[in-house]
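If you read the sequence shown in the working numbering, its first letter stands for residue 18, the second for the next number, and so on.
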Amino acid sequence: MRLGSQADLRRRFRTGRPCLDLVHTGGAGAMARWEIVHDADDLGRLLGVILGLPPLPATVADLAAMRPLRAAFTRIAYDLAEGSLPPISIDPPRPADIATVNAAAAAPSLVPALRPDGGAMLVAPTTTAAFSTLARDAVDLFGGPLASRIRVCAAENCGLLLVDTSGPGRRRWCSMELCGNRAKIRAHRSRI
Ligand SMILES: [Zn+2]
Numbered sequence: 018m019r020l021g022s023q024a025d026l027r028r029r030f031r032t033g034r035p036c037l038d039l040v041h042t043g044g045a046g047a048m049a050r051w052e053i054v055h056d057a058d059d060l061g062r063l064l065g066v067i068l069g070l071p072p073l074p075a076t077v078a079d080l081a082a083m084r085p086l087r088a089a090f091t092r093i094a095y096d097l098a099e100g101s102l103p104p105i106s107i108d109p110p111r112p113a114d115i116a117t118v119n120a121a122a123a124a125p126s127l128v129p130a131l132r133p134d135g136g137a138m139l140v141a142p143t144t145t146a147a148f149s150t151l152a153r154d155a156v157d158l159f160g161g162p163l164a165s166r167i168r169v170c171a172a173e174n175c176g177l178l179l180v181d182t183s184g185p186g187r188r189r190w191c192s193m194e195l196c197g198n199r200a201k202i203r204a205h206r207s208r209i
């Protein structure tokens, strides 16, 4: 699949966890091939996509603040995903990454509110508040029972993360429609 195609973009934002969706926007080293946050406008737009909000106003300083937070999420999530496979040996996250996540989570987060016409929304959508909301999601995910259910998609050349919330805990693909189907077709062909 071509990186940057619509299908590729959509599957990055299907983890159900905003903190992991941010990981899927790129980073340094092996994550650089995923990079789609090139400037402040990209950041504001993608935060909106991840949090279900209109594009947020973002500055170059916000862009600089996002990178270490995203890198901390990335290291912790992939370490947990690796440790979730037997033999289970989850190393505690690095102290510097913990400090980065906790500092972001300590800021005021986006505020949830009921809509007058029913449903819920997030108010006070500043970028700093959005980072706090993402960091609190990370605290909940990485520090809670689902930490051992974080996986890397089993499809070749995918590499995206998923959270396996299924009862049996045997989910393997980031997206059944994309990676799961391709794997099924390959398995079918190899039996013919
Ligand atoms: Zn996948």
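We put the CB at the ideal spot given by N, CA and C, even for glycine.
Which term fits residue i, buried or exposed, when burial requires 16 or more other beta carbons within 10 angstroms of its beta carbon?
i: residue 161; result: exposed
i: residue 202; result: exposed
i: residue 76; result: exposed
i: residue 131; result: exposed
i: residue 205; result: exposed
i: residue 182; result: exposed
i: residue 89; result: buried
Rounded to a whole number of angstroms, what is the C-alpha to C-alpha distance between residue i and residue j?
i: residue 18; j: residue 198; result: Because residue 18 carries a pLDDT of 45, less than 50, the predicted location of this residue cannot be relied on, and the following value inherits that uncertainty. If I take the Cα positions, the gap works out to 13 Å.
i: residue 38; j: residue 83; result: 13 Å
i: residue 55; j: residue 208; result: 44 Å
i: residue 43; j: residue 27; result: 14 Å
i: residue 94; j: residue 113; result: 15 Å
i: residue 59; j: residue 48; result: 17 Å
i: residue 153; j: residue 128; result: 12 Å
i: residue 139; j: residue 174; result: 35 Å
i: residue 142; j: residue 86; result: 18 Å
i: residue 68; j: residue 147; result: 8 Å
i: residue 177; j: residue 79; result: 25 Å
i: residue 145; j: residue 126; result: 8 Å
i: residue 109; j: residue 99; result: 12 Å
i: residue 187; j: residue 61; result: 35 Å
i: residue 196; j: residue 189; result: 9 Å
Note the first and the last residue of the continuous beta strand (DSSP E) segment covering residue i.
i: residue 80; result: Per DSSP, residue 80 belongs to no beta strand (DSSP E); it is in the alpha helix (DSSP H), 77-100.
i: residue 131; result: 128-131
i: residue 54; result: No beta strand (DSSP E) contains residue 54, which DSSP labels as neither H nor E.
What three-state label does DSSP hand residue i in the structure shown?
i: residue 167; result: strand
i: residue 178; result: strand
i: residue 47; result: helix
i: residue 200; result: helix
First and last residue of the alpha helix (DSSP H) that includes residue i?
i: residue 142; result: First-last for residue 142: undefined, no H or E at that position.
i: residue 1; result: Past the edges of the chain, shown from 18 to 209, lies residue 1, and the structure says nothing about it.
i: residue 35; result: 35-40
i: residue 114; result: 112-123
i: residue 25; result: 23-29
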